[in-house]
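Numbering (the UniProt record's numbering), first residue to last: 1 to 346. Let me begin by presenting the structure, written as structure tokens, before commenting on it.
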């Protein structure tokens with residue numbers, strides 16, 4: 001390897017924001033200490049010339065700590081992402097692994113890119129090793145190319161065409177994408193506002209799991225996006241639905257909660273305790289009436305009681321009765337007392 005190539009490779013390492021050691025460079029390139037020092041001096045000269053030529057800020061320099069370590073400092077906005085701290089990188093990687101949204105191939109690529117920015121990548125890797133070994137992504141196909149295509153279609157106001165399967169039914173659909181939304185292990189393509197239909201007949205749906213979209217392509221057809229007041233608002237949907245982001249109409253729901261209220265208040269930020277008696281918390285929640293909220297209510301079991309509106313209360317009661325009947329129980333009334341009878345025991 002000639003000297004020019006070696007200096008370029010050293011500079012590229014510095015651009016990654018990593019702290020590199022003289023000993024590491026000597027071993028990598030099989031050169032003496034004096035050679036590495038000359039290489040670094042050349043890099044210093046080039047940086048100084050750029051600074052004097054006003055093409056680079058005066059604060060850019062190669063820092064030395066007196067222990068044989070080199071690190072490029074204050075190189076500018078282009079490399080801000082590479083200046084994320086190791087703790088910030090660890091948080092991002094933990095979130096990615098916890099989401100399970102990507103397949104192992106795509107997550108591995110992101111893992112390696114983020115890890116390459118770390119000052120101490122081996123320490124970060126120790127915190128991630130077990131999750132990496134057992135990782136099972138939900139998506140079977142790659143998502144990033146499809147996400148890129150959808151983003152381009154949104155910017156260009158172009159229709160997309162794709163094949164989609166739900167409940168054993170497969171159809172080819174055309175939609176004008178309005179947004180991309182993430183919730184509960186899935187990225188979704190949104191083609192309506194957050195009041196639209198997303199749990200209806202397949203031909204009427206407006207929220208699609210991107211990992212379930214096949215033969216996705218942009219069409220030449222253009223359509224205008226919705227008016228601003230009718231736009232999709234992902235932040236509103238997330239606050240109204242908690243974990244299960246299904247579309248619906250906004251409602252005020254009042255419940256009694258018989259457990260730690262933080263579980264409700266954290267998940268639904270626009271909720272508040274309006275009354276407390278002993279360990280019973282009456283909570284007013286600004287949510288929607290979509291299927292996601294109904295699933296959440298049913299998942300709470302006997303920790304929750306819906307007081308209003310009647311539509312959400314009736315839905316919850318009827319679904320619970322249906323669940324008991326599927327286990328061989330019958331729910332009936334005897335005066336004011338409600339009973340549950342095990343039909344299989346008779």
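Even for Gly, the Cβ is constructed at its ideal location relative to N, Cα and C.
Note down the Cα distance separating residue 11 from residue 43, rounded to an integer number of angstroms.
7 Å
Which residues in the same chain have their Cβ closer than 7 Å to the Cβ of residue 106, if we skip the five residues on either side of it in sequence?
142, 143 and 144
Could you give the residue range of the alpha helix (DSSP H) that holds residue 125?
121-134
Nearest-angstrom Cα separation, counted from residue 259 out to residue 303:
6 Å
Cβ distance (whole Å) where residue 114 is taken to contact residue 86 below 8 Å:
That belief does not hold up - the Cβ atoms of residue 114 and residue 86 are roughly 10 Å apart, past 8 Å.
Residue ranges of each beta strand (DSSP E) within the region 190-223, 3 or longer:
207-209 and 213-222
How many Å lie between residue 305 and residue 287 at the Cα?
16 Å
Within a Cβ cutoff of 6 Å, which residues of the same chain sit near residue 250, ignoring the five residues on either side of it in sequence?
288
Could you work out which residue in 187, 130, 173 and 138 is closest to residue 151 when comparing CA atoms only?
187
Specify the secondary structure class of residue 18 as computed by DSSP and reduced to three states.
coil
Give me whichever residues DSSP pairs with residue 69 in a beta bridge.
21
Unbroken alpha helix (DSSP H) run spanning residue 183, endpoints:
Run containing residue 183: none in the alpha helix (DSSP H); it sits in the beta strand (DSSP E), 179-183.
Where does residue 103 fall in DSSP's three states?
coil
Alpha carbon of residue 224 to alpha carbon of residue 100, nearest angstrom:
34 Å
At what residue ranges does the region 259-285 contain a whole run of the alpha helix (DSSP H), taking only runs of 4 or more?
262-267
One or two residues paired with residue 188 in a DSSP bridge:
181 and 209
Residue 316 versus residue 208: straight-line alpha-carbon distance, rounded
26 Å
Nearest residue (CA-CA) to residue 293, options 206, 254 and 245:
245
Please classify residue 153 as buried or exposed, where buried requires at least 16 neighbouring CB atoms within 10 angstroms.
buried
Three-pair Cβ contact test at 8 Å for the region 154-161 versus the region 209-222:
yes
What is the DSSP secondary structure of residue 138, reduced to helix, strand or coil?
coil
Secondary structure of residue 77, DSSP reduced to three states
In this prediction, residue 77 scores a pLDDT of 49, lower than 50, which makes its location untrustworthy; no coordinate-derived value is stated.
Along the beta strand (DSSP E) that carries residue 173, what are the first and last residues, could you check?
169-175
Tell me whether residue 276 is buried or exposed, calling it buried when 16 or more other Cβ atoms sit within 10 Å of its Cβ.
exposed
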